[in-house]
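Colleague:
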Amino acid sequence: MPKKTLADLGDLKGKKVLVRVDFNVPLDKKTGAVKNDRRIRAAVPTVQKLLDAGAAVIAMSHLGRPEKATPEEKKFLTLDKVAARFGELLNKPVKKAADEVVGPAVTAAVAAMKPGDVLLLENLRFDPREQKNDHAFAAAIAELGDAYVNDAFGTCHNDKDASMVAVPANLKAAGKPRAVGLLVAKELDIIEGLMSAPKRPVLAVMGGAKVSDKIAFIQALLAKVDHLLIGGKMAYTFQKARGGDVGGTKVPDDELAAAKPLLEFVGSKITLPVDCLAAKSDDLNATQVFEGPIAAGFEGVDIGPKTLAAYSEKIARAGTVIWNGPVGWFEMPAFSNGTKGIAKAMAESTAVTVVGGGETAEAVEQFGFDGKMTHVSTGGGAFLAYVEGKKFQSLAQIDDR
Ligand code: 3PG
Ligand code: MG
C-alpha cells in the first residue's frame, strides 16, 4: 500500500481521530431498522485499532439520499439506530452527536471526549454543504480531529463529498496526517491484485438489469478477463439485440443501443445463457424453461438449469472469478436458483473469488456463502469505478507513505 495506513499515524494516545466510514446501509422501509449491518461490521477493526492505540474516534457517514427523501422517509435517515448498532458491535456505547452535523453542540461533545470514546456525527447529508465539497463546512469538521482516516470504501468514488475530499484537504493544510483504514487498504489491495496480476483463467459473471449503467465496467473487464458470463436482465437485452425473441420481457430501446457495441464479443469472450426460466407476465406462478426464443406472454426471470450447469463448471475450473449483479430475480424464492447456484459454485471453487456490488453481496449473504468467498466488497458504485480504473479524489487526498 503506497498510502499511509493506521500504523503510519504515529502515537495516537490522547488524540482525536476523524474516521469517515460508509454506514450507508439498507433500512427496513416500514420501521427504519438497519436491515443489513455488513458495512458497519466492516468498519469495526479500524475503529477498534484506533481505540486500542489510545485514541478517541469521531466517526462520520452519510445515510441514504435525504435531499431526495420525503419528510416521512427522512425521519429514518438520522443515524441514531446506526449508532446503536455500531455500539453493539464495538461493545461500548456510541454517542450520536447533536442533530446538527457541525456546530457548537458538536464542538462541545468532542471537547468532552476521552481516550476510548466514540462519537458518531449526524448524517452528513443532512447538511447540504456535504455534497458540495464546501470548504467552510469541511474546515469545521477538520478542526474536530488531530488525524483523518478514510475507511469508507463504498463512498470513495464520490468526488464532491466534503467528508471525502475537502475535509482531508483541510487537515493537510493544518499539517495533520491522513491515512486509509484497514477496510479501504484491504479493498484496494484485493481489487488491484485482481486487475494487475490475477490467477488465470479469469472469469467474470455479470448480471443485473442495465447494460447502460455498466458499459465502462464491462469494457474494462473485457480487457482483463478470459471470459465474461452474462445473466440477469441484461441477458435478455443481449438476446434481443441479436435478433432473438424475448417474449414479454421488457427491454428498453436505450438498453438495446448500449448492448450493440458489445455484440461482436458474443461467442468469443462473452457467453450468453443457453436457457432461461420464464414466468407468465400475468401469473408469476406459471413458469417454463425456454431454450432460445421466449414465448409470448412470458418474461425471463432467471438463468435456466443448463446455463447454471455450464457456468458452474467454468467457475470450478477458473483461477479467478469476479461477480457483479444477480443472474435472476433472486428476491423471489422461486426465481433464486440461478443466483444461489452461482454463489454456491463460487464458494466451492478453488478460484480467488471476489463479489462486488450491494445487491450481489446481499444475495451471497442471504444464501450463506459470504464466508466462503475470498472477498465480498463493501463497494457498489465504488467497486465498479475502481475496476474501471477511475482515479478517486478521495484517495488522492491521503498522504503517501
Ligand atoms: C453507495 O452505497 O453507493 C455509497 O454509500 C454512496 O452513496 P451514494 O450512491 O448515495 O452516493
Ligand atoms: Mg451509489
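Residue numbers (our numbering): 25 to 425. Here a beta-carbon is modelled for each residue, glycine too, at the ideal position from N, C-alpha and C.
On the criterion of 16 or more Cβ atoms from any shown chain inside 10 Å, does N194 qualify as buried, or is it exposed?
Modeller: buried
Colleague: Is there contact between the stretch 70 to 77 and the stretch 201 to 209, where contact requires at least three CB pairs shorter than 8 Å?
Modeller: yes
Colleague: Report the three-state DSSP secondary structure of P252 (helix, strand or coil).
Modeller: Checking the sequence shown, residue 252 turns out to be Leu, not Pro. Correct three-state label for L252: strand.
Colleague: What did DSSP end up calling G500 once you bin it into helix, strand or coil?
Modeller: Past the edges of the chain, shown from 25 to 425, lies residue 500, and the structure says nothing about it.
Colleague: Sort N174, A164, H181 and G88 by Cα distance to G405 and report the nearest one.
Modeller: Nearest to G405 by C-alpha distance, out of N174, A164, H181 and G88, is H181.
Colleague: Could you check the C-alpha separation between Q312 and K364 for me, to the nearest Å?
Modeller: Taking the straight line from one Cα to the other gives about 19 Å.
Colleague: What do you get for L42, buried or exposed, if any count of 16 or more other CB atoms within 10 angstroms of its CB means buried?
Modeller: buried
Colleague: Is the beta carbon of T331 less than 9 Å from the beta carbon of A375?
Modeller: no
Colleague: Does the beta-carbon distance from K119 to L101 come in below 9 Å?
Modeller: no
Colleague: Is any heavy atom in the ligand MG found nearer than 8 Å to the beta carbon of G321?
Modeller: no
Colleague: Kindly provide the chain-ordered list of residues whose Cβ lies closer than 7 Å to any non-hydrogen atom of the ligand MG.
Modeller: G404 and G405
Colleague: Is T384 near the ligand 3PG - that is, is its Cβ less than 8 Å away from at least one heavy atom of it?
Modeller: no
Colleague: Report yes if the C-beta of D61 is less than 8 Å from at least one heavy atom of the ligand 3PG; otherwise report no.
Modeller: no
Colleague: From the DSSP output, in three-state form, read off V49 for me.
Modeller: coil
Colleague: Could you tell me which residues DSSP pairs with E315 in its beta bridges?
Modeller: D299
Colleague: Could you check the C-alpha separation between P317 and T402 for me, to the nearest Å?
Modeller: 37 Å
Colleague: In chain order, what are the residue ranges of uninterrupted alpha helix (DSSP H) at least 4 long that sit wholly in the stretch 198 to 275?
Modeller: As far as the stretch 198 to 275 is concerned, its whole alpha helix (DSSP H) runs of at least 4 residues are 206 to 220, 235 to 248 and 257 to 265.
Colleague: Regarding D237 and the ligand 3PG, is the C-beta to nearest heavy atom distance less than 8 Å?
Modeller: no
Colleague: Taking only runs of the beta strand (DSSP E) that begin and end inside the stretch 100 to 142, which ones reach a length of at least 3 residues, in chain order?
Modeller: none
Colleague: What are the start and end residues of the alpha helix (DSSP H) that includes T363?
Modeller: N361 to E372
Colleague: Could you check which residue in A77, A197 and R89 has the C-alpha nearest to that of P139?
Modeller: A77
Colleague: Thinking C-alpha only, which one of G272, V68, K414 and S305 is nearest I215?
Modeller: Of G272, V68, K414 and S305, the residue nearest in Cα terms is K414.
Colleague: Compare the beta carbon distance of K338 and L253 with 9 Å and say whether it is the shorter of the two.
Modeller: In this structure, K338 sits near L253, with a CB-CB distance shorter than 9 Å.
Colleague: Jot down the residue ranges of each uninterrupted beta strand (DSSP E) in the stretch 32 to 92, minimum 3 residues, whole runs only, in chain order.
Modeller: Listed in chain order, the complete beta strand (DSSP E) runs (minimum 3 residues) inside the stretch 32 to 92 are 40 to 45 and 80 to 84.
Colleague: Which residue wins for smallest C-alpha separation from D250, given the options F289, D213, V125 and K274?
Modeller: F289
Colleague: Taking contact to mean at least 3 C-beta pairs separated by less than 8 Å, is the stretch 267 to 286 in contact with the stretch 386 to 403?
Modeller: no
Colleague: Could you tell me which whole beta strand (DSSP E) segments of length 3 or greater appear in the stretch 386 to 414?
Modeller: none
Colleague: For the beta strand (DSSP E) that D171 lies in, which residues bound it at each end?
Modeller: Sequence check: residue 171 is Ala here, not Asp. Note, A171: beta strand (DSSP E), A171 to D175.
Colleague: Exposed or buried, what is E91 when buried is set at 16 or more other beta-carbons lying within 10 Å of its beta-carbon?
Modeller: exposed
Colleague: Please report the distance separating the alpha-carbon of A107 from that of V142.
Modeller: 10 Å
Colleague: Per DSSP, what kind of secondary structure is L308 in: helix, strand or coil?
Modeller: strand
Colleague: Strictly by DSSP, which residues pair up with T29?
Modeller: According to DSSP, T29 bridges with nothing at all.
Colleague: Since D32 contacts V49 with CB under 8 Å, what's their CB separation in whole angstroms?
Modeller: Not a contact, Cβ separation roughly 29 Å.
Colleague: For the beta strand (DSSP E) holding T377, just list the boundary residues, first then last.
Modeller: Residue range V376 to V379 is occupied by the beta strand (DSSP E) that includes T377.
Colleague: Give the secondary structure of V290 by DSSP, where H, G and I count as helix, E and B as strand, and everything else as coil.
Modeller: strand
Colleague: Just to confirm, is the Cβ distance from D46 to D237 under 9 Å?
Modeller: no
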